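Taking the numbering used here, the leading residue of the sequence shown gets 1112, the next gets one more, and so forth.
Even glycine gets a Cβ: it sits at the ideal position worked out from N, Cα and C.
Quick caveat: nothing in here was measured; it's all calculated off a predicted structure.
A short write-up of the structure that comes next.
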Amino acid sequence: MRPGGQPNLQQMMKQAQKMQQQMVAAQAELAEAELTGTAGGGLVTATVKGTGEVVAVKIDPKAVDPDDVETLEDLIVAAVHNAAQAARDLTEQKMGPLTAGLGGLGGGLGLPGF
């Protein structure tokens, strides 16, 4: 802040540019990250990208019972859910500190109406 309580717009622009660069870097890191979720003690494993895209599902042959397909289906859903939660957690870890200071639509810039 400048004397008289006026914000330094040049400083705020530099901060905004730095935050934007950090956001882009965090988004790129998330897009490349692969997270794994498991179910049934590792009988089913699902891998998702940090963006939430499912990229692989592995099923241990011990989990395959033709007379009980429903359990296998449940294990797959649980593994994908577990991996998706890991992706959400990573997103919060990477993006949370960057978005925490935004404080609303205007980004908490200290400007009236923002």
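- The segment 1133-1167 is shown to contain whole beta strand (DSSP E) runs of 3 or more residues at 1145-1150, 1155-1160, in chain order.
- If you draw a straight line from the Cα of N1119 to the Cα of E1143, it comes to about 37 Å.
- Taking one beta carbon from each stretch, the segment 1143-1163 and the segment 1184-1197 have 3 or more pairs nearer than 8 Å; the two touch.
- K1205 sits buried, since 16 or more C-beta atoms from the chains shown fall within 10 Å of its C-beta.
- Three or more beta-carbon pairs separated by less than 8 Å are not found between the segment 1168-1186 and the segment 1127-1135, which leaves the two stretches without contact.
- For G1152, the closest alpha carbon among the candidates L1183, M1123, K1160 is that of L1183.
- Across the set A1139, V1180, I1187, the C-alpha of I1187 shows the shortest separation from the C-alpha of A1157.
- Taking 9 Å as the cut-off, the Cβ atoms of K1160 and L1141 count as close.
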